[in-house]
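Undergrad:
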Amino acid sequence: MIRNNTERGLIAEEWHSLRATQARLSGNSTAIFGSGGYWITQMYDDIYALLLIYGFSVLEHALQQMGAEGTIGYQGNKLGRLFKASRKPALWPDGAILSIVEEGKSARDDLAHRRIVPASAKTFAHLDAIEATLIQSKVLNGPVTCIHTTSVTRTSDLLDGSAGLERDLGSPTPPRLPPTQTANIDDAFRTIVTVSNIATPSHRSLIGK
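To convert, count from 1 in the sequence shown and add 1105; that's our numbering.
1. Secondary structure at residue 1268, three-state DSSP: helix, strand or coil?
2. Among 1136, 1216, 1233, 1242, which one has its Cα closest to the Cα of residue 1194?
3. If you draw a straight line from the C-alpha of residue 1107 to the C-alpha of residue 1158, how long is it?
4. Pull up the distance between the alpha-carbon of residue 1317 and that of residue 1140, whole angstroms please.
5. According to DSSP, is residue 1196 part of a helix, a strand, or is it coil?
6. Please classify residue 1221: is it buried, with 16 or more other beta-carbons within 10 angstroms of its beta-carbon, or exposed?
7. To the nearest angstrom, how far is it from the Cα of residue 1167 to the Cα of residue 1231?
8. Once DSSP output is grouped into helix, strand and coil, what is the label at residue 1238?
9. I need the boundaries of the alpha helix (DSSP H) containing residue 1149, first residue and last residue.
10. Among the candidates 1151, 1115, 1143, 1215, whose CA atom is the shortest distance from the CA of residue 1130?
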């Protein structure tokens, strides 16, 4: 529904960037937890909440472009008015998705203006609904996958003394433990945590046609 291919590509790139940020946050949070920072679970809501602001800024960009092209009847930068002008079946064929996005906008407003932090599960649901909206609007061809992988290895099983620690940390391929040992992080030993974050596929393959 956005005719300008350049703007459509920019919006898709913004969304890809959001999902990549989500992957980094998720991977780093898992790494902190795996290295003994169990307190991180108490901060999940706060960590992910800013993604909601980010997500609605992407939706706002899309709606602004629709306004500029005459698809909706408001041309401006007020999210509330853009959202109200866009409420028509052609833009929101799935009423269930619209309801979740509306709920997300309320949560976004509470966060931005009243410092009420939404639960991370709600944030994820709202982001998924925005993504579904961008797919329906043909900004994206499909979901942007957000993947992170983490491995945790107990240094006590690998090393003997600080010299060994330096040697293994500098090694390109440190020895790996059997799964039963690798997964055992609930102890007092120091850990080496390796995190890789992947957000696929590239936004270039997700721009709607």
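Cβ atoms here follow ideal geometry from the backbone N, Cα and C, with glycine treated the same way.
TA: Working from what's here:
1. Along the sequence shown, read from residue 1 onward, the residue named residue 1268 stands at position 163. Here residue 1268 scores only 40 on pLDDT, less than 50, and its place in the model should not be relied on; the value that follows carries that caveat. It is helical.
2. Translated into the one-based positions of the sequence shown, residue 1194 becomes position 89. Comparing Cα-Cα distances from residue 1194 to each of 1136, 1216, 1233, 1242, the minimum goes to 1242.
3. Here residue 1107 refers to the residue found at position 2 of the sequence shown. Here residue 1158 refers to the residue found at position 53 of the sequence shown. Taking the straight line joining both Cα atoms gives about 22 Å.
4. As displayed, the chain neither begins before 1106 nor continues past 1314, which places residue 1317 out of reach and without an answer.
5. Residue 1196 sits at position 91 when you count from the first residue of the sequence shown. Residue state, collapsed to three classes: coil.
6. Against the sequence shown, residue 1221 aligns to sequence position 116. With fewer than 16 other Cβ atoms within 10 Å, it is exposed.
7. Reading the sequence shown from its first residue, position 62 is the one you call residue 1167. Reading the sequence shown from its first residue, position 126 is the one you call residue 1231. Going from the Cα of residue 1167 to the Cα of residue 1231 covers about 16 Å.
8. Walking along the sequence shown from the start, residue 1238 turns up at place 133. The answer is helix: DSSP assigns residue 1238 an H, G or I state.
9. Taking the first residue of the sequence shown as 1, we reach residue 1149 at position 44. Counting along the chain, the alpha helix (DSSP H) containing residue 1149 begins and ends at 1149-1173.
10. Locating residue 1130 in the sequence shown gives position 25, counting from the first residue. Taking only the C-alpha atoms, the option nearest residue 1130 is 1151.
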